[in-house]
Amino acid sequence: IAGAGVAGIPEAGMIIMPLVLTAAGLPDEVILAAIPLIMTVDWIIARARSAVNVMSDMLVAILLDAGQRTALHK
């Protein structure tokens with residue numbers, strides 16, 4: 008659910024990461040130690056995640072356009 012409000016750009020998810028970790032019940036000390044480690048790995052993963060996000064948005068736009076064209080021709 009938290010991912011729905013995050014922009015489709017790299018590192019945008021890091022803004023909401025402390026909130027998610029806090030909701031998971033992790034203490035602040037663990038969150039402060041984990042964020043730099045997560046950011047290191049997430050830098051690579053974020054590029055793929057952003058590409059998938061943009062491609063899925065594009066796919067939905069294409070499907071909606073095709074559906075509208077079909078509905079207009081009936």
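Going by my numbering, the sequence shown runs without a break in its numbering and finishes at 81.
Glycine included, C-beta positions come from ideal geometry on N, C-alpha and C.
For clarity, every value in this text was computed on a predicted model and none was experimentally measured.
With DSSP run on the structure shown, which of helix, strand or coil describes residue 82? Residue 82 lies beyond the stretch modelled for the chain, which goes from 8 to 81, so this question has no answer here.
Looking at the secondary structure, which residues open and close the alpha helix (DSSP H) in which residue 19 lies? That residue, residue 19, is in no alpha helix (DSSP H); it is neither H nor E in DSSP.
Classify residue 74 as buried or exposed, calling it buried when 16 or more other Cβ atoms lie within 10 Å of its own Cβ. Counting Cβ neighbours within 10 Å, residue 74 comes out exposed, since fewer than 16 surround it.
Using 8 Å for Cβ pairs, my map puts residue 42 next to residue 25. What's the rounded Cβ distance? Contact holds; Cβ gap of about 7 Å.
Around the Cβ of residue 20, are there at least 16 other Cβ atoms within 10 angstroms (buried) or fewer (exposed)? Flag for residue 20 reads buried.
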